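There are 4 protein chains.
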Amino acid sequence: MQAPQTATRRRRRKNARPHEIADAALALFSERGYAATRLEDVAARAGIGKATLYLYFPAKEDLFRAVLRQKLLPNLTEIEAAVAASQEPAPALLRSFARRLLAVLETDLTAIPKLVLGESGNFPAIARMYADEVVARGIALLTGIVERGVARGELRAVDALAAIPSLVGPFLTMALWKHSLGQHTAIRLDPQTVMETHMDILLLGLEPRS
Amino acid sequence: MQAPQTATRRRRRKNARPHEIADAALALFSERGYAATRLEDVAARAGIGKATLYLYFPAKEDLFRAVLRQKLLPNLTEIEAAVAASQEPAPALLRSFARRLLAVLETDLTAIPKLVLGESGNFPAIARMYADEVVARGIALLTGIVERGVARGELRAVDALAAIPSLVGPFLTMALWKHSLGQHTAIRLDPQTVMETHMDILLLGLEPRS
Amino acid sequence: MQAPQTATRRRRRKNARPHEIADAALALFSERGYAATRLEDVAARAGIGKATLYLYFPAKEDLFRAVLRQKLLPNLTEIEAAVAASQEPAPALLRSFARRLLAVLETDLTAIPKLVLGESGNFPAIARMYADEVVARGIALLTGIVERGVARGELRAVDALAAIPSLVGPFLTMALWKHSLGQHTAIRLDPQTVMETHMDILLLGLEPRS
Amino acid sequence: MQAPQTATRRRRRKNARPHEIADAALALFSERGYAATRLEDVAARAGIGKATLYLYFPAKEDLFRAVLRQKLLPNLTEIEAAVAASQEPAPALLRSFARRLLAVLETDLTAIPKLVLGESGNFPAIARMYADEVVARGIALLTGIVERGVARGELRAVDALAAIPSLVGPFLTMALWKHSLGQHTAIRLDPQTVMETHMDILLLGLEPRS
DNA sequence: CATGAATGAGGATTCATTCAT
DNA sequence: GATGAATGAATCCTCATTCAT
Chain X
1 MQAPQTATRR RRRKNARPHE IADAALALFS ERGYAATRLE DVAARAGIGK ATLYLYFPAK
61 EDLFRAVLRQ KLLPNLTEIE AAVAASQEPA PALLRSFARR LLAVLETDLT AIPKLVLGES
121 GNFPAIARMY ADEVVARGIA LLTGIVERGV ARGELRAVDA LAAIPSLVGP FLTMALWKHS
181 LGQHTAIRLD PQTVMETHMD ILLLGLEPRS
Chain H
211 MQAPQTATRR RRRKNARPHE IADAALALFS ERGYAATRLE DVAARAGIGK ATLYLYFPAK
271 EDLFRAVLRQ KLLPNLTEIE AAVAASQEPA PALLRSFARR LLAVLETDLT AIPKLVLGES
331 GNFPAIARMY ADEVVARGIA LLTGIVERGV ARGELRAVDA LAAIPSLVGP FLTMALWKHS
391 LGQHTAIRLD PQTVMETHMD ILLLGLEPRS
Chain E
421 MQAPQTATRR RRRKNARPHE IADAALALFS ERGYAATRLE DVAARAGIGK ATLYLYFPAK
481 EDLFRAVLRQ KLLPNLTEIE AAVAASQEPA PALLRSFARR LLAVLETDLT AIPKLVLGES
541 GNFPAIARMY ADEVVARGIA LLTGIVERGV ARGELRAVDA LAAIPSLVGP FLTMALWKHS
601 LGQHTAIRLD PQTVMETHMD ILLLGLEPRS
Chain P
631 MQAPQTATRR RRRKNARPHE IADAALALFS ERGYAATRLE DVAARAGIGK ATLYLYFPAK
691 EDLFRAVLRQ KLLPNLTEIE AAVAASQEPA PALLRSFARR LLAVLETDLT AIPKLVLGES
751 GNFPAIARMY ADEVVARGIA LLTGIVERGV ARGELRAVDA LAAIPSLVGP FLTMALWKHS
811 LGQHTAIRLD PQTVMETHMD ILLLGLEPRS
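These protein sequence lines are chains X, H, E and P, in that order.
Counting from 1, one number per residue, gives the positions in the first sequence under the numbering used here.
Counting from 211, one number per residue, gives the positions in the second sequence under the numbering used here.
Counting from 421, one number per residue, gives the positions in the third sequence under the numbering used here.
Counting from 631, one number per residue, gives the positions in the fourth sequence under the numbering used here.
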């Protein structure tokens with residue numbers, strides 16, 4: 001039973017590697033940007049040698065791609081499922097959605113938008129992937145909630161697509177703030193307060209009118 | 211009459227140079243990001259030789275700094291003045307502010323946030339400059355409008371600072387969208403519609419309640 | 421009866437390994453050259469793991485050396501013996517020698533000259549080994565035949581050493597051609613015809629004159 | 631008149647650079663082979679900085695290509711012209727051709743065959759270029775001479791194409807010898823003697839027979 | 001024995017910056 | 001003032017070789 005165990009340990013190690021590397025990469029990419037991040041530093045942070053990276057990712061760009069996919073998609077899927085399962089009225093649903101996003105704001109994931117935005121010009125394929133696999137799905141999710149709410153009379157009639165920036169803009173703002181200017185200024189924006197303020201404004205602004 | 215004329219033309223040329231270079235740099239920075247932009251390409255786009263850049267900007271970072279300062283600050287100053295001079299009630303003032311920003315959305319300036327966000331980790335000094343000279347002023351401007359509106363009973367009572375992301379988030383979202391994912395997806399967001407939707411939600415959401 | 425059998429098979433396998441590896445190495449070396457051949461590919465072609473190579477050859481250079489020794493020397497020894505045993509007159513002997521070389525031209529061995537020539541600068545020890553163990557012996561063999569033929573009046577008097585390139589040059593040419601340019605051009609040189617033409621010219625050119 | 635002069639000097643330098651670099655590259659390529667030659671060493675030998683190479687040749691392979699073209703084609707063209715202009719009978723023409731090749735044997739050019747042979751597997755495009763622009767032309771030249779000689783009764787009837795290896799094989803042998811094994815053995819082959827011996831054998835072997 | 005995993009040393013290439021004209 | 005030419009520092013990536021199982 002021992003030999004298998006050690007073999008297992010190594011295998012477990014090997015299975016964990018891509019995630020460890022992606023974590024390290026996300027941390028550094030988000031700190032310095034894609035171009036300014038040296039793969040040697042990613043390797044060091046992941047606790048492996050420079051060349052070992054290449055056993056898992058054939059090139060820097062693939063690592064970038066993997067970071068996005070591994071980190072983001074599972075979360076999104078989870079949120080979609082939760083929304084699909086929910087029977088709450090739209091305003092309550094939007095509030096729970098906001099609570100979820102607030103939780104995500106605590107994690108490293110918030111660095112991803114900054115990254116994708118910055119590199120979309122250089123990696124159109126990645127931009128497309130992000131647009132299709134993340135943004136389009138997010139938009140579908142949210143317009144679905146809003147349209148359902150309008151149909152049920154829980155929200156006043158609005159152009160659901162055009163309302164998306166009003167919905168997510170403040171979250172995006174906070175995510176970017178956290179990873180960039182927020183680090184370099186004395187101005188403090190408390191996510192909790194901001195989000196409550198935002199949801200109040202938003203839901204009052206979408207309240208059905210007679 | 212010729213010699214003076216060429217001298218004049220040259221002087222005019224010389225005075226225009228920094229602006230021409232900054233324009234070229236902004237265009238390329240916004241397309242590829244700071245790191246991925248080669249100074250040789252900036253020079254080519256500005257119609258000058260590679261080395262000539264160094265007569266105007268001692269280093270790449272200084273060019274970056276100059277782009278921000280030259281392009282952004284004048285606009286901001288102008289807006290501040292307009293707000294200071296205005297006697298409109300807060301809701302109307304916010305609407306004219308939105309119209310102004312919508313106009314800015316048509317220009318290249320919108321690439322700047324993307325840039326600053328992406329490079330804030332590598333150039334803390336620039337991040338600080340941007341935070342202090344642009345963001346802080348913008349925040350002051352907006353909290354001023356909101357607080358005045360609240361004081362006058364034109365808006366319901368809110369934490370003005372915490373409301374900033376709700377105010378500007380959608381604009382920021384649209385600016386980033388325009389320069390990144392918007393280029394790589396079939397999803398179309400019409401700035402005009404988005405902004406009207408946004409202002410409706412925002413102002414209804416901030417309406418005084420009895 | 422099973423256990424022994426597998427043990428035997430395995431031992432047979434083990435004895436065969438160095439040869440299998442050398443075959444694989446020769447094939448790849450001759451295709452890509454020494455430097456451009458990856459040991460991983462050699463291992464794959466030999467059907468073994470990358471690290472297993474090192475159980476048989478301590479380093480890439482040793483593999484190179486082994487390829488030469490294993491592949492070339494046995495053939496040479498055999499030819500030497502045949503020549504020593506022969507009682508034919510020189511022209512007939514040269515023709516049988518030519519037939520032998522023509523047969524060698526069909527094999528992979530012809531890639532070896534290309535390899536040794538190309539790497540002699542980087543591996544002087546190998547070059548010396550090849551010069552001493554292959555070329556010097558080949559020259560001794562041939563000058564022996566020629567000098568004996570001259571002494572017996574079967575060939576006209578020539579400087580035997582200086583005649584060597586005339587003797588082997590066309591064979592070398594064909595060997596190199598086969599493994600390099602011949603692969604990349606429509607020009608076809610038929611080894612059989614070339615060799616007959618060559619031997620005709622050579623033997624007429626060495627015919628005793630009154 | 632001074633300014634132009636310095637400008638000229640620089641331009642002269644710039645025009646000479648590609649040749650200086652190609653010379654350095656040929657020397658090192660022929661010594662170590664293509665793969666084992668570091669561009670840094672080529673640059674050092676050419677007396678320039680590592681990056682300066684890239685102002686003249688976009689990549690290592692292009693440098694390789696340039697070496698072949700610059701060094702070989704002019705010589706070949708010259709020989710073709712000389713042959714075309716000549717009215718000598720075939721045997722004499724072949725002897726002058728041999729003298730020319732003997733002269734080429736003194737130069738660095740002889741390293742080129744070794745290079746091309748060794749790298750034909752890795753650079754098919756280069757192999758093709760060499761086959762088409764050098765070898766095919768050389769073959770055409772020689773078969774032309776031989777066929778004319780046969781037609782005029784100056785040589786006995788032979789398959790001209792099949793005779794090419796008999797003609798050039800010894801030269802190729804000497805060229806390769808000079809740059810490889812010849813450097814690593816005590817065996818000395820004197821080019822002059824070898825070539826005279828070769829031409830005697832060849833021309834006697836091609837003498838018309840009644 | 002056999003091998004997948006891991007890695008440091010090494011080399012091609014790019015680019016901000018300097019220099020000579 | 002303007003610039004083409006030149007370059008060293010920096011970074012991605014490869015591969016021979018070693019190690020742990």
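Glycine is no exception: its CB is placed at the ideal position from the N, C-alpha and C atoms.
Note that the structure is predicted; figures quoted are calculated from it, not measured.
- Taken in chain order, the members of the region 138-150 of chain X whose beta-carbon sits within less than 9 Å of a beta-carbon on chain H are I139.
- Among the residues of chain H, none has a CB under 7 Å from the CB of X:E106; the nearest is roughly 17 Å distant.
- Less than 8 Å separates the beta-carbon of E:T605 from that of P:D762.
- Near chain P, meaning a CB-to-CB distance below 8 Å, no residue of the region 475-508 of chain E qualifies.
- In the structure shown, the three-state DSSP call for H:T262 is helix.
- Between the C-alpha atoms of H:P418 and H:E230 there is a straight-line separation of about 48 Å.
- With respect to P:I742, P:E749 sits apart: the two C-beta atoms are not nearer than 8 Å.
- In this structure, the straight-line span from the alpha carbon of E:L575 to that of P:G835 is close to 13 Å.
- Apart from sequence neighbours up to five positions away, the residues of its chain that approach X:L115 with a beta-carbon distance below 7 Å are F29, S30 and Y34, ordered along the chain.
- Take the alpha-carbon of E:M615 and the one of E:A518: they are about 7 Å apart.
- In the assembly as shown, X:L73 is an exposed residue. Its beta-carbon has fewer than 16 other beta-carbons within 10 Å.
- One alpha carbon belongs to E:A436, the other to E:M619, and they sit about 38 Å apart.
- Residue range K60 to A85 is occupied by the alpha helix (DSSP H) that includes X:N75.
- Shortest Cα-Cα distance from H:A350 to any of H:R362, H:N332 and H:A294 involves H:A294.
- At a cut-off of 8 Å between beta carbons, H:K388 makes no contact with chain X.
- Along the length of the region 120-173 of chain X, whole alpha helix (DSSP H) runs at least 4 residues long occupy 124-130 and 136-151, reported in chain order.
- Closest option to P:A766, judged by alpha-carbon separation, among P:L806, P:T667, P:R778 and P:T707: P:T707.
- The alpha-carbon of P:D789 is positioned some 52 Å away from that of P:G679.
- With 16 or more other Cβ atoms inside 10 Å of its own Cβ, E:P611 counts as buried.
- No Cβ-Cβ contact shorter than 8 Å links X:K60 with X:L105.
- Between P:R730 and chain E, the shortest Cβ-Cβ separation is not below 8 Å.
- Note that the C-beta distance between E:G541 and P:R675 is not below 8 Å.
- A check of alpha carbon separations from E:Y550 across E:A471, E:E460 and E:F484 identifies E:F484 as the nearest.
- The residue from E:K491, E:E508 and E:L514 with its alpha-carbon nearest to that of E:D528 is E:K491.
- E:R458 carries a coil assignment under DSSP once its states are collapsed to helix, strand and coil.
- With respect to chain P, the C-beta atom of E:A583 has a partner C-beta closer than 8 Å.
- Per DSSP, reduced to three states, the secondary structure at X:L189 is coil, with no helix or strand assignment.
- As the crow flies, the alpha-carbon of P:A655 is around 28 Å from that of E:M594.
- For E:V578, a Cβ of chain P is located within less than 8 Å of the residue's own Cβ.
- The Cβ atoms of X:P89 and X:L203 lie no closer than 8 Å to each other.
- For X:I112, the nearest beta carbon of chain H is not closer than 8 Å to its own beta carbon.
- In the displayed model, H:G257 falls within coil according to three-state DSSP, outside both helix and strand.
- X:L176 and H:E357 have their C-alpha atoms spaced approximately 25 Å apart.
- Closer than 8 Å to the CB of E:L446 there is not a single CB belonging to chain P.
- In this structure, DSSP gives H:R419 a state outside helix and strand, which the three-state scheme calls coil.
- E:A456 and X:D62 have their C-alpha atoms spaced approximately 26 Å apart.
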